[in-house]
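J.: In my numbering, the protein residues as written are 40 to 753.
To start, I am sharing the structure in question, which I have written as structure tokens.
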Ligand code: C2E
Ligand code: CA
Ligand code: CA
């Protein structure tokens, strides 16, 4: 250690200082001769390079470093060899050294030395290790772009990528799809298994997504349980629907996390540029709306964006606003639908179904407002009201008639549920054995263990449990074995078409009833409308029936009157046979033939064809183009024709729109519309008389067919 002040003239002490500086690896010195060969290098620097100082003397300075600076960020910098040969000053130039495979970076500086006559003598310079600084810079830029949990791109990077892609694609007239994903019931896993488990689950989801998407797109995690996929050059809605279905299927497979099993699902919304949006904001907004619709349509679904979704979103916001006041304004009521014993036709229970009479809109279906209530947490309050009111009302009914109350999955997850049930029972004085809670299979998604725990808490109160909508969604017979259900309700969809030929619903119902018998559970078939269905269910051994064939849900006052008159039997009424449900579509479309456009009504739409009405006497074999709106054009050939109705066969099959409907694979591109004189914009709602018709100019030919007046049609 040098203790005394060092005099500038004291060369010995100054050298000592420099030696210590070198030894501490704070920096090193080097010098080259006029040929660029090393004549000095600090000993500690040489050691870093894996050599003795002496071994390096005479070597070209630039040979110590990796010349090819492949790091793209460094491209702007001139290579060391160039700077040296040009005899330029070097200032903090980063250079890379490969030592035992690990990457080390130095920053070097140097000044050319000239003698008195101005002759170049070589360089004198210094160097220091900047590896740590560079790594932390790189990490910081990674952090700013990638999600540290899953390694996927983060929201910031996705937005940048999407914007860059859409800008470039607009110029090149290319298309790009955007998929938005939101996991169903992820929150439950997080809440019940803990955050580390939630993190692990997200990682596994990311891996599965990467396996499916691969190189076809870029995946990002936007935060929470929201993912996004950019799919360049994809606009075929058939392919996109298939991809979305694969994603949903893969994500819905069970996960194993620290020995626990968890099941989640996902909903997917899809929007495609330029059809649904041209810029990032518009396209993301469209994909978000599609995602929202997918979630609303029952989870585990995909949905394409369509212009109609905007209206749906507006309506939902309205419902949400009004629902807050509905309870206080006494607009919510409970009605009751009887559950009837087959054979005797005596009522055994009544299901409480909520009804909302909106002052302006009239009756709003619980299928529309319960999902909104679930999203906004109003369900807790509304569910509590349903339980209290139903228990109160049931206490007025004679005998041991039971009341069944629907409990939504969100409500089921709330810890306060047992307390709410106990309170409703206590306040009404209803015998717990007369209360039945209807729960859907979706309560098992998330964490099975805590669901079973809730079941046992509820059973301790003495109430009965029923499994609602059995057979839809995430059904697994495994649940039935473990959960203490007293009753299974077979979903309406199995009753529909039961009496038709070539239908395996009856085999499914037989399987469910025998399983239920083995597990000592009652079976109810829901949504029974016709007498032939009733008879068939009776034959299949279903002992309880609920449906319009006996009664719709009725008011408490009507029930009380009925029971006062000792009427406990309902006579079945209804159509003798259930008419095979044919999707009766009534949709106005445009029909283009040559350069004329006609109006028509479309009925009986299927993947391969449709029936249209509106044109008179169209010969067989005529080729038509249907304009189904929102840029969907379908080429079709007339296969049947009778007066004003034609049966058409499509040239290309339609594909699923994710909402139980059909859509075309492709649409007219806004680029093509722009070329025809329309402003470049996402496809507007409705049809475009422009297309296939006559832009300004009068048609050259006379119309081939007579137009029928559609206003008389229904
Ligand atoms: P859900 O629990 O499956 O209720 C049965 C639905 O089927 C009821 O519709 C009922 O009116 C209808 N239905 C009964 N018989 C027939 C039939 O023969 N044919 C047809 N086509 N339909 C029939 P609703 O009242 O519109 O309720 C829809 C859903 O809303 C219910 O489905 C239930 O999930 C939910 N919901 C209703 N009330 C409540 C409630 O108080 N709390 C909660 N959390 N959900 C409720
Ligand atoms: Ca129910
Ligand atoms: Ca049901």
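A virtual CB, placed ideally from N, CA and C, is assigned to each residue, including glycine.
Only a predicted model underlies this, so the values are computations on that prediction, with no experimental measurement involved.
Ordered along the chain, which non-local residues of its own chain (more than five positions away) have a Cβ less than 6 Å from that of residue 414?
T.: Cβ neighbours of residue 414 beyond the five flanking positions: none.
J.: In whole angstroms, give me the CA-to-CA distance for residue 252 and residue 179.
T.: Taking the straight line joining both Cα atoms gives about 27 Å.
J.: Could you check where the alpha helix (DSSP H) with residue 162 kicks off and where it finishes?
T.: Looking at the DSSP string, residue 162 is not in any alpha helix (DSSP H); the run it does join, the beta strand (DSSP E), is 159-168.
J.: Let's see if you can read the secondary structure: which residues bound the alpha helix (DSSP H) around residue 742?
T.: That residue, residue 742, is in no alpha helix (DSSP H); it is neither H nor E in DSSP.
J.: Taking only three categories from DSSP, how would you classify residue 255?
T.: In the structure shown, residue 255 sits in a helix (DSSP, three-state: H, G or I).
J.: Buried or exposed: which applies to residue 112, given that a residue is buried once 16 or more other Cβ atoms fall within 10 Å of its Cβ?
T.: For residue 112, the predicted model reports a pLDDT of 44, less than 50, meaning its position is unreliable; a value from the coordinates is still stated below. Label assigned to residue 112: exposed.
J.: Does the beta carbon of residue 445 fall short of 8 Å from some heavy atom of ligand 2?
T.: Residue 445: yes, Cβ under 8 Å from ligand 2.
J.: Quick check on the DSSP output: the beta strand (DSSP E) that includes residue 212 runs from which residue to which?
T.: Residue 212 -> no beta strand (DSSP E), and no H or E assigned at all.
J.: Enumerate in chain order the residues of its own chain whose CB-to-CB distance from residue 115 is below 7 Å, with the five nearest sequence positions on each side excluded.
T.: Low confidence applies to residue 115: its pLDDT is 43, below 50, so where it sits in the model is not reliable, and the reading given next is rough at best. None.
J.: If you draw a straight line from the C-alpha of residue 466 to the C-alpha of residue 233, how long is it?
T.: Near 36 Å, if we compare the C-alpha coordinates of residue 233 and residue 466.
J.: Using the rule of at least 16 other Cβ atoms within 10 Å of the residue's Cβ for burial, across every protein chain shown, is residue 521 buried or exposed?
T.: By the neighbour-count rule (16 or more Cβ atoms within 10 Å), residue 521 is not buried but exposed.
J.: If you reduce the DSSP assignment to three classes, tell me which class residue 308 lands in.
T.: Correct three-state label for residue 308: strand.
J.: Please return the same chain residues whose Cβ sits closer than 8 Å to the Cβ of residue 250, not counting the five positions on each side in sequence.
T.: 289.
J.: Identify every residue that forms a DSSP beta bridge with residue 528.
T.: Answer is 563.
J.: Taking the beta strand (DSSP E) that residue 143 falls in, what are its first and last residues?
T.: That run of the beta strand (DSSP E) goes 141-153.
J.: Can you tell which of 489, 452, 477, 429 has the C-alpha that lies nearest to the C-alpha of residue 464?
T.: Considering only alpha carbons, the answer is 429.
J.: Grouping DSSP H, G and I as helix and E and B as strand, with all else coil, what is residue 373?
T.: Here residue 373 sits in strand by DSSP.
J.: In angstroms, rounded to a whole number, what distance separates the CA positions of residue 72 and residue 184?
T.: In a straight line, the C-alpha of residue 72 is about 45 Å away from that of residue 184.
J.: Determine whether the beta carbon atoms of residue 693 and residue 676 lie at a separation below 9 Å.
T.: Contact: no.
J.: Who are the Cβ neighbours of residue 274 in its own chain at under 6 Å, not counting the five residues just before and after it?
T.: The residues are 214, 311.
J.: Is residue 376 close to ligand 3? I mean its beta-carbon at under 8 Å from any heavy atom of the ligand.
T.: No; taking the cut-off as 8 Å, the Cβ of residue 376 has no heavy atom of ligand 3 nearer than that.
J.: Answer yes or no: the CB of residue 390 versus the heavy atoms of ligand 2, is any distance below 8 Å?
T.: Under cutoff, so the answer is yes.
J.: Is any heavy atom in ligand 2 found nearer than 8 Å to the beta carbon of residue 226?
T.: It does not: the Cβ of residue 226 is nowhere closer than 8 Å to a heavy atom of ligand 2.
J.: Rounding to the nearest angstrom, what Cα-Cα distance links residue 625 and residue 640 in this structure?
T.: Rounded to whole angstroms, residue 625 to residue 640 spans 6 Å at the Cα level.
J.: Could you give the first and the last residue of the continuous alpha helix (DSSP H) run that contains residue 710?
T.: Taken as a continuous stretch (DSSP letters only), the alpha helix (DSSP H) holding residue 710 covers 709-714.
J.: Would you kindly work out how many angstroms separate the C-alpha atoms of residue 187 and residue 156, rounded to a whole number?
T.: So the two alpha carbons sit approximately 59 Å from each other.
J.: Going along the chain, which residues of its own chain have a beta-carbon closer than 7 Å to the beta-carbon of residue 450, five neighbours each way excluded?
T.: 418, 419, 422, 456, listed in sequence order.
J.: Quick one: which unbroken alpha helix (DSSP H) runs of 4-plus residues sit fully inside the segment 297-355? Chain order, please.
T.: Fully enclosed alpha helix (DSSP H) runs of 4 or longer: 319-335.
J.: Suppose the cutoff is 6 Å on Cβ atoms and the five residues either side in sequence are ignored; what does the same chain contact list for residue 166 look like?
T.: Within the same chain, residue 166 has close Cβ partners 67, 145, 147.
J.: Could you tell me whether the Cβ of residue 604 comes closer than 9 Å to any Cβ of chain C?
T.: Within the model displayed, chain C is absent; a lone protein chain is all it includes.
J.: Below 8 Å, is the gap between the Cβ of residue 453 and the nearest heavy atom of ligand 1?
T.: Not so, every heavy atom of ligand 1 lies at least 8 Å from the Cβ.
J.: What whole-angstrom Cβ distance do residue 617 and residue 690 have, given they're in contact under 8 Å?
T.: The pair is not a contact, with the Cβ atoms about 35 Å apart (cut-off 8 Å).
J.: Across which residues does DSSP place residue 445 in a beta bridge pair?
T.: DSSP lists 477 as partners of residue 445.
J.: Could you pull the start and end residues of the alpha helix (DSSP H) that residue 573 belongs to?
T.: 570-578 is the extent of the alpha helix (DSSP H) around residue 573.
J.: Does residue 720 pass the burial test, meaning 16 or more other C-beta atoms within 10 Å, or should it be called exposed?
T.: When all chains shown are included, residue 720 counts as exposed.
J.: Given 8 Å as the limit, is there contact between the segment 302-309 and the segment 220-240, that is, 3 or more CB pairs closer than that?
T.: Cβ pair count under 8 Å is three or more, so yes.
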